[in-house]
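Just so you know, we're using the numbering used here here: the sequence shown kicks off at 49 and counts up by one.
For glycine and all other residues, C-beta sits at the position ideal for the given N, C-alpha and C.
Data block below; observations after.
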Amino acid sequence: MKNPSSKGRLAFCIWTRRHRRDLFIQHDYCKIMIKRINCFCYCFFRSKQYNEKYLKQRAILTPLNKDAEQVNDFMFDILSGSARTYKSSDEICKSSSDNFEQEGTYPIEFLNGLTFPRFPRHELNLKEGTPIMLLRNVNPFLGTCNGT
């Protein structure tokens with residue numbers, strides 16, 4: 049027995065192939081859409097940005113990490129207060145003598161610009177009251193674990 053929605057999926061795939069050139073969204077349009085989605089999902093954000101219950105009841109889901117970063121950056125700019133920037137370590141581990149030869153191989157700016165799945169960006173910007181969520185178990189016995 050076939051899934052009843054499989055015909056719809058097939059039709060959508062065919063339509064997407066025919067119109068794929070039209071599916072690219074302009075950068076300015078993305079900014080407008082992020083603003084509209086934010087207004088829909090977090091319409092009272094400025095007055096309720098410190099209300100934990102209000103924030104837990106809402107979410108904006110994105111298919112790609114880069115899209116989530118755009119939404120996060122937009123929401124971060126709306127938060128009141130001054131930002132603090134925390135940077136990752138940008139030195140090569142000198143536990144082995146082989147690393148001294150490799151030290152100048154890659155410029156620090158290049159390394160800081162790399163992004164990988166499941167790794168955070170080089171810079172972490174925070175403001176007081178910024179909602180954050182741990183994605184790894186840091187110390188489950190103290191309650192700092194995935195999803196908190």
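{"Check": "Counting along the chain, where does the alpha helix (DSSP H) carrying Asn173 start and finish?", "Outcome": "Run containing Asn173: none in the alpha helix (DSSP H); it sits in the beta strand (DSSP E), 171 to 174."}
{"Check": "Taking the straight line between their C-alpha atoms, what separation do you get for Tyr154 and Asn113?", "Outcome": "25 Å"}
{"Check": "Determine whether the beta carbon atoms of Asn86 and Phe122 lie at a separation below 8 Å.", "Outcome": "yes"}
{"Check": "Tell me, to the nearest whole angstrom, how far the beta carbon of Leu172 is from that of Tyr134; I am working on the premise that it is less than 8 Å.", "Outcome": "4 Å"}
{"Check": "Going by DSSP, what residue range makes up the beta strand (DSSP E) through Tyr134?", "Outcome": "132 to 135"}
{"Check": "Can you tell me whether DSSP reads Asn99 as helix, strand or coil?", "Outcome": "coil"}
{"Check": "Looking only at its chain, what residues have a beta carbon closer than 6 Å to the beta carbon of Cys193, apart from the 5 residues adjacent to it on each side?", "Outcome": "Asn185"}
{"Check": "Is the Cβ-Cβ distance between Leu103 and Thr178 less than 8 Å?", "Outcome": "no"}
{"Check": "From what residue to what residue does the alpha helix (DSSP H) around Phe158 run?", "Outcome": "156 to 161"}
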